[in-house]
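Notes to accompany the following structure.
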Amino acid sequence: MTDLSTQDAPFAGSGSSLMRRRNRRQVMLQGLGLAAISFAALMLFVLIASLVSTGYKAFIQTHITVEVFVDPEEISVEKLPRGGFRDVLLASLQKEFPDVEGRAELRSLQNIFSNGAQFQLRDMVSADQSLIGQTVTLRAPVSDPFDQLAKGLVKRETPEQLRRVSDREIDWFDTLDAAGKISQPVNWGLITNADSRFPELAGLKGALVGSFWALLVCFLISFPLGIGAAIYLEEFAPKNRWSDLIEVNINNLAAVPSVVFGLLALAVFIGWFGMPRSAPIVGGMTLALMTMPTIIIATRAALKAVPPSIREAALGVGASRHQVVFGHVLPLAMPGILTGTIIGLAQALGETAPLLLIGMNAFITSAPTSPFDSATALPTQIFIWADSPERGFVSRTSAAILVLLTFLITMNAVAIYLRSKFERKW
Amino acid sequence: MTTAAFLCLFVLAVAGYVWNRQAASAIRADGTRLHSLEGFHGFYSLLTVLVPVIVLILLWLVFQGPAVDSILKAGLADRLAGLGTGEVQLILAEIKSISRGAVFGTPEQWKFDAAERYLALNARADQLLLVLVLALSLTLVVLSRRKVAAEFRARHGVERIISGLMIFCSVVAIFVTVGIIASLLFETARFFAKVPVTEFLFGTNWEPQIPLREDQVAAAGAFGWLPVMLGTLVITVIALFVAVPVGLMSAIYLNEFAPKRLRAVAKPFLEILAGVPTVVYGFFAILVVAPAMRSFFAAIGVDVSPNIALAAGSVMGIMLIPFISSFADDALSAVPQSLRDGALGLGATRAEMMTTVLFPAAIPGIVGGILLAVSRAIGETMIVVMAAGLIAKMTINPLDSVTTVTVQIVTLLIGDTSFDNPKTLAAFALGMMLFIVTLVINIFALRIVRKYREAYD
Chain A
1 MTDLSTQDAP FAGSGSSLMR RRNRRQVMLQ GLGLAAISFA ALMLFVLIAS LVSTGYKAFI
61 QTHITVEVFV DPEEISVEKL PRGGFRDVLL ASLQKEFPDV EGRAELRSLQ NIFSNGAQFQ
121 LRDMVSADQS LIGQTVTLRA PVSDPFDQLA KGLVKRETPE QLRRVSDREI DWFDTLDAAG
181 KISQPVNWGL ITNADSRFPE LAGLKGALVG SFWALLVCFL ISFPLGIGAA IYLEEFAPKN
241 RWSDLIEVNI NNLAAVPSVV FGLLALAVFI GWFGMPRSAP IVGGMTLALM TMPTIIIATR
301 AALKAVPPSI REAALGVGAS RHQVVFGHVL PLAMPGILTG TIIGLAQALG ETAPLLLIGM
361 NAFITSAPTS PFDSATALPT QIFIWADSPE RGFVSRTSAA ILVLLTFLIT MNAVAIYLRS
421 KFERKW
Chain G
1001 MTTAAFLCLF VLAVAGYVWN RQAASAIRAD GTRLHSLEGF HGFYSLLTVL VPVIVLILLW
1061 LVFQGPAVDS ILKAGLADRL AGLGTGEVQL ILAEIKSISR GAVFGTPEQW KFDAAERYLA
1121 LNARADQLLL VLVLALSLTL VVLSRRKVAA EFRARHGVER IISGLMIFCS VVAIFVTVGI
1181 IASLLFETAR FFAKVPVTEF LFGTNWEPQI PLREDQVAAA GAFGWLPVML GTLVITVIAL
1241 FVAVPVGLMS AIYLNEFAPK RLRAVAKPFL EILAGVPTVV YGFFAILVVA PAMRSFFAAI
1301 GVDVSPNIAL AAGSVMGIML IPFISSFADD ALSAVPQSLR DGALGLGATR AEMMTTVLFP
1361 AAIPGIVGGI LLAVSRAIGE TMIVVMAAGL IAKMTINPLD SVTTVTVQIV TLLIGDTSFD
1421 NPKTLAAFAL GMMLFIVTLV INIFALRIVR KYREAYD
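This is the structure in structure tokens:
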């Protein structure tokens, strides 16, 4: 701060007390300004830091590796895909801990496995039936409490009755760990699994696919509509009350709260047209209505930036007005239009409220295969996970946010690159 | 089946394009001068086929479902006689799920028959659509082919169609506004048919519980929107308390005092802050800010509610900082250089020039920006849905838990909703109020901003 005062004060060195007071005031104003910027930067830093510090743990997942004897007495070819996969898994653990007895004890031993482990084994055996009667190596996720324990989120110092894992369970886990049966590989399940009630199995696949469909629909609708409207308003529309009305209307539409678009979609698309709830196509249509004003405004700015000399030259050699616009002005304005469109789509990707209202916050355990299937989207998935009581979902939520932010930053970076690469100064 | 229809259409349209183009080329090869280039003859055919047929397909898709339903219902008239709308919907849904092969329990035989009939009706509708599309496209292809002639003004035709399409695109924006107003008005009117307007506008009690059974106790539910609006205002004011000083000071600093390098870093920083989705801010509020505030107030011995309004409000304030800062920066930059030069020339320090000349001159633009921020804060949803409370109270205590209009809209509509109970309709009434309030603020703010820009241009 001191060097600021000597550099920027206009009459540094003049000795009168009035001057000193005036300079001091300037320093104060600058200090306040710097403090304001620092506050904003600090908040951004805290935001990112808190997300990274809670979220990075979800990018690895604690797994347990066991030798499973696929007992033909429990699992037979005729009964597949049914069979005693749970019991087979438990038997493999019992080999490690022969002294564990009693139903309750065995059940808590079983609980080391995630609920998904038995299905993983089932799929393995169903795919290759010759495995029955053999011993296979299975690496499966451990259940959430043990995952938290391995990641240090469940503190061992906490009194036993306040912990989600008992001392005895910790002993088991440590024994397994010492035997090298616990590993922490990269958690690809976060991207390849769909949603689940169990944090250790929950992934973003459904949300990613849902967001993809919704954005695709949004783009297919808003891009042509937005460009068409912008070209008409900028290049062809007569300046009269009618085009003024459209213009005011578009500016206002850009500032309507997003939740109101959700109400519109709920009443019109779902209520009146009877379109399916929770479907990415409805989500995409809603987002398209919100993105359209952004695209129109960006396109008009890009068209305005093309100098009139281009239009006059083309008109002068005998092109019609349509030929001028579509053959010359529009190609020149395309980089600006694409930049605006990508930024609009990035906004649409992060939009949550309207998607909640049309039911894209449903619990869906399989990824959608078409835009008409029920699905979630990335931001609504974040909302669902943030609402879930299980501790494991806290880090999952942060991780999902990091994934969403990665997409947004990539899209914006592409937009900035396009702008700097293709933008022409006239 | 619709894919097949679209496929037919595109194949025929492209065929029409090629056919017309070749016909025009042939005329040209004979040595006759064409009015329009061959390509325009082709496009003329393409567009005359595509536009009407796509409209036909879309209309068909919209109306096929309801039409099939009503034919189905007419066929089952004697079975459905005397049932309420809800029950009829349930039966229809069951029939449709049977038709998809998902049978639950043991439905009666007539439902299986109806499911079969439903499938047959849909299949027939699909066939009919395909036939119609084929017939219409073929007719249009032939009609536009017959127009090809040396003096036919194909370019004018194409340009007229394209102009029409563009006008349609720009009118869509109006349709959207009309759609918003119509849907809100329609549902709100139904709400006011069940709950008196005066109770909604002036009631101080918001308890939208609706009885599941007719005879339930404490069943009435209260729909006075005042406490909800008050809560919205409390959160908005808190947000402004954070956003306005920080946003304005950073704009002043960046505009006048910041070294170039800092400005080059700080601007993208603020843009990142502006690009963060609100659901992320909401999670930030419940993950970091609210616990920090609770422990702070616990440490100084003040009792606060778990969903403290201060947390939601201040996080919303952080969200609004870049918004206000960029508006204020624009407004300050729009003040002509001559005013700056004049003030500095008279011997003002740069701080005095800022506070006595630049800032007052930029006030209208800044006020416009702040008003837009207010309308954003009122309409902001995710932060408050995640971090604010659910229970409406007549309080302005920022340490208490308050609820907002948007929170109520979302909580009333999440989950399965039917359009015939006041609880659902109340959300539309709140949405109507939200739309009106933000619209008024927006129009006012945009007018101020625009007028001010003109003043210095």
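Going down the list, the protein sequences come from chains A and G. Start counting the first sequence at 1; every next residue gets the next number (the numbering used here). Start counting the second sequence at 1001; every next residue gets the next number (the numbering used here). Just so you know, even glycine gets a beta-carbon here, dropped at the ideal spot from N, CA and C. Fair warning: this is a prediction, and the values are worked out from it, not measured in the lab.
Q.
Please classify GLN381/A as buried or exposed, where buried requires at least 16 other C-beta atoms within 10 Å of its C-beta.
A. As a position in the first sequence, residue 381/A is number 381, starting the count at 1. Burial call: buried.
Q) Roughly how many angstroms separate the alpha carbons of MET1432/G and GLY1084/G, rounded to a whole number? A) Residue 1432/G sits at position 432 when you count from the first residue of the second sequence. Residue 1084/G sits at position 84 when you count from the first residue of the second sequence. Whole-angstrom Cα-Cα distance: 29 Å.
Q | Residue span of the alpha helix (DSSP H) that contains PHE1191/G, given as start and end | A | Indexing the second sequence from 1 puts residue 1191/G at position 191. 1154 to 1194 is the span of the alpha helix (DSSP H), which, as asked, contains PHE1191/G.
Q: Name, please, each residue of chain A whose Cβ falls closer than 7 Å to the Cβ of TYR1253/G.
A: Counting from one through the second sequence, the residue named residue 1253/G turns up at place 253. Within chain A, the residues near TYR1253/G are GLN30, GLY33, LEU34, ALA36, ILE37.
(Q) Going by DSSP in three states, GLU67/A sits in which element: helix, strand or coil? (A) Residue 67/A sits at position 67 when you count from the first residue of the first sequence. Correct three-state label for GLU67/A: strand.
Q | C-alpha gap between VAL1006/G and ARG1146/G, whole angstroms | A | The sequence position of residue 1006/G within the second sequence is 6, counting from 1. The sequence position of residue 1146/G within the second sequence is 146, counting from 1. The amino acid at residue 1006/G is misidentified as Val; the sequence shows Phe. PHE1006/G and ARG1146/G: Cα-Cα distance of roughly 24 Å.
Q: Closer than 8 Å, Cβ to Cβ, to anything on chain A: give me those residues from the region 1417 to 1450 of chain G, in chain order.
A: Listed by position, the residues of the region 1417 to 1450 of chain G near chain A (Cβ gap below 8 Å) are THR1417, PHE1419, ALA1427, PHE1428, GLY1431, LEU1434, PHE1435, THR1438, LEU1439, ASN1442, ILE1443, LEU1446.
Q) Mind checking if VAL1410/G is an interface residue toward chain A, Cβ cutoff 8 Å exclusive? A) As a position in the second sequence, residue 1410/G is number 410, starting the count at 1. It does: the Cβ of VAL1410/G has a partner Cβ on chain A nearer than 8 Å.
Q: Determine the closest residue to LEU266/A out of ALA1135/G, ILE1409/G, ASP1303/G, with distance taken between C-alpha atoms.
A: Start at 1 with the first residue of the first sequence, and residue 266/A comes out as number 266. Nearest Cα to LEU266/A within the set ALA1135/G, ILE1409/G, ASP1303/G: ILE1409/G.
Q: For THR397/A, decide whether its Cβ has a neighbour in chain G, counting only Cβ atoms nearer than 8 Å.
A: Your numbering for residue 397/A matches position 397 in the first sequence. Interface flag for THR397/A against chain G is set, since a Cβ pair is found closer than 8 Å.
**Q.** Residue burial classification, ARG1376/G (beta-carbon count within 10 angstroms, cutoff 16)
**A.** Taking the second sequence and counting its residues from 1, one reaches residue 1376/G at position 376. In summary, ARG1376/G is buried, with 16 or more beta-carbon neighbours lying within 10 Å of its beta-carbon over all protein chains present.
Q) Can you give the beta carbon distance from GLN184/A to ALA140/A, rounded, assuming they're within the 8 Å contact cut? A) Numbered from its first residue, the first sequence carries residue 184/A at position 184. Numbered from its first residue, the first sequence carries residue 140/A at position 140. That belief does not hold up - the Cβ atoms of GLN184/A and ALA140/A are roughly 13 Å apart, past 8 Å.
Q: Provide the residue span of the alpha helix (DSSP H) that contains VAL1062/G, from first to last.
A: As a first step, residue 1062/G is located in the second sequence; it is residue number 62 there, counting from the start. Where VAL1062/G is concerned, the enclosing alpha helix (DSSP H) stretches over 1038 to 1075.
(Q) Does LEU138/A come out as helix, strand or coil in the three-state DSSP assignment? (A) By one-based count along the first sequence, residue 138/A stands at place 138. Strand at LEU138/A.
Q.
List, in chain order, every chain G residue whose beta-carbon is nearer than 7 Å to that of ARG43/A.
A. Along the first sequence, one-based indexing puts residue 43/A at 43. It should be pointed out that residue 43/A corresponds to Met in this sequence rather than to Arg. Neighbours of MET43/A on chain G, chain order: ILE1318.
(Q) Using 8 Å as the cut-off, can you tell me whether the region 286 to 295 of chain A makes contact with the region 218 to 229 of chain A, which would need three or more C-beta pairs spanning the two stretches below that distance? (A) Contact holds: three or more Cβ-Cβ distances are below 8 Å.
Q: Only counting runs of 4 or more residues, tell me where the alpha helix (DSSP H) segments fall wholly within the region 1305 to 1357 of chain G, in order along the chain.
A: Counting only runs that start and end inside the region 1305 to 1357 of chain G, the alpha helix (DSSP H) elements of at least 4 residues fall at 1309 to 1334, 1337 to 1345.
Q: Return the CA-CA distance between VAL1385/G and PHE261/A, expressed in angstroms with no decimal places.
A: As a first step, residue 1385/G must be located in the second sequence, where it is residue number 385. As a first step, residue 261/A must be located in the first sequence, where it is residue number 261. The straight-line gap from Cα to Cα measures roughly 17 Å.
Q: Kindly list, in the order they appear in chain A, the residues whose Cβ is closer than 7 Å to that of GLU1187/G.
A: Taking the second sequence and counting its residues from 1, one reaches residue 1187/G at position 187. Within chain A, the residues whose beta carbon sits less than 7 Å from that of GLU1187/G are ALA267, listed in sequence order.
Q: Consider the Cβ of THR1349/G: report whether some Cβ of chain A lies at a distance smaller than 8 Å.
A: Translated into the one-based positions of the second sequence, residue 1349/G becomes position 349. Output row for THR1349/G: interface = yes.
Q. Considering only the beta carbon of each residue, do ILE246/A and ILE1174/G sit closer than 8 Å?
A. Here residue 246/A corresponds to residue number 246 of the first sequence, with the count starting at 1. Here residue 1174/G corresponds to residue number 174 of the second sequence, with the count starting at 1. Pairing ILE246/A with ILE1174/G gives a Cβ-Cβ distance under 8 Å.
Q) At least one CB of chain G closer than 8 Å to the CB of THR6/A: is that the case? A) For the purposes of this step, residue 6/A is taken as the residue at position 6 of the first sequence. Only weak support is given to the placement of THR6/A: the predicted model assigns it a pLDDT of 44, under 50, and the value that follows is read from those uncertain coordinates. Interface annotation, THR6/A: not in contact with chain G, CB-CB separation never under 8 Å.
Q.
Counting only Cβ-Cβ distances shorter than 7 Å, please list the residues of the region 1162 to 1179 of chain G near chain A, keeping chain order.
A. Residues passing the 7 Å Cβ filter: ILE1162, SER1163, LEU1165, MET1166, ILE1167, CYS1169, SER1170, VAL1172, ALA1173, ILE1174, VAL1176, THR1177, GLY1179.
Q.
Less than 6 Å between C-beta atoms, sequence neighbours within five positions excluded: which residues of the same chain meet that for PRO368/A?
A. Looking up residue 368/A in the first sequence gives position 368. Closer than 6 Å at Cβ, skipping near neighbours: VAL209, GLY210, ALA375.
Q) Nearest-angstrom Cα distance between ILE1308/G and TYR56/A? A) Counted from its first residue, the second sequence places residue 1308/G at position 308. Counted from its first residue, the first sequence places residue 56/A at position 56. ILE1308/G and TYR56/A have their C-alpha atoms spaced approximately 28 Å apart.
(Q) By the 8 Å beta-carbon criterion, what residues does the region 278 to 306 of chain A contribute toward chain G? (A) So the list reads LEU289, MET292, PRO293, ILE296, given in the order they occur along the chain.
Q.
Just to make sure I have the definition right: I need the residues of chain A whose C-beta is within less than 7 Å of the C-beta of ALA1266/G. Which are they?
A. Residue 1266/G sits at position 266 when you count from the first residue of the second sequence. Residues of chain A passing the Cβ test: ILE37.
Q) Do three or more CB pairs link the region 1229 to 1239 of chain G to the region 1385 to 1396 of chain G at distances below 8 Å? A) The region 1229 to 1239 of chain G vs the region 1385 to 1396 of chain G: in contact.
Q: Under 8 Å between beta-carbons, which chain A residues line up against GLY1379/G? List them in chain order, please.
A: Numbered from its first residue, the second sequence carries residue 1379/G at position 379. Going along chain A in sequence order, the residues near GLY1379/G (Cβ under 8 Å) are VAL256, PRO257, SER258, VAL259, VAL260.
Q: Assign ILE1396/G to buried or exposed, taking buried as 16 or more other Cβ atoms, counted over all protein chains shown, within 10 Å of its Cβ.
A: One-based indexing of the second sequence puts residue 1396/G at position 396. With fewer than 16 neighbouring CB atoms inside 10 Å of its own CB, ILE1396/G falls in the exposed class.
Q. Does any residue of chain G bring its CB to less than 8 Å from the CB of GLN26/A?
A. As a first step, residue 26/A must be located in the first sequence, where it is residue number 26. So yes, GLN26/A belongs to the interface.
Q.
Less than 8 Å between CB atoms is the rule here; does ARG22/A satisfy it with respect to chain G?
A. Numbered from its first residue, the first sequence carries residue 22/A at position 22. Under the Cβ criterion of 8 Å, ARG22/A is counted among the residues facing chain G.
**Q.** Cut-off 8 Å between Cβ atoms - residues of its own chain near ARG1033/G, not counting five sequence neighbours on either side
**A.** The count along the second sequence starts at 1 and reaches residue 1033/G at position 33. Once the five neighbours on either side are set aside, the close Cβ partners of ARG1033/G are ALA1150.
Q) Looking at LEU1413/G and LEU357/A, is the spacing between their C-beta atoms short of 8 Å? A) One-based indexing of the first sequence puts residue 357/A at position 357. One-based indexing of the second sequence puts residue 1413/G at position 413. Yes, the pair counts as a contact, with Cβ atoms nearer than the cut-off.
Q) So which residues of chain G does LEU47/A contact, with C-beta pairs closer than 9 Å? A) Here residue 47/A corresponds to residue number 47 of the first sequence, with the count starting at 1. Neighbours of LEU47/A in chain G, taken as residues at a C-beta separation under 9 Å, are given in chain order as LEU1273, VAL1276, VAL1280, TYR1281, PHE1284, VAL1288, ILE1318.
Q.
On a Cα-Cα basis, can you pick out the residue from GLY1342/G, PHE1192/G, ALA1182/G that is closest to TRP272/A?
A. The count along the first sequence starts at 1 and reaches residue 272/A at position 272. Of GLY1342/G, PHE1192/G, ALA1182/G, the residue nearest in Cα terms is ALA1182/G.
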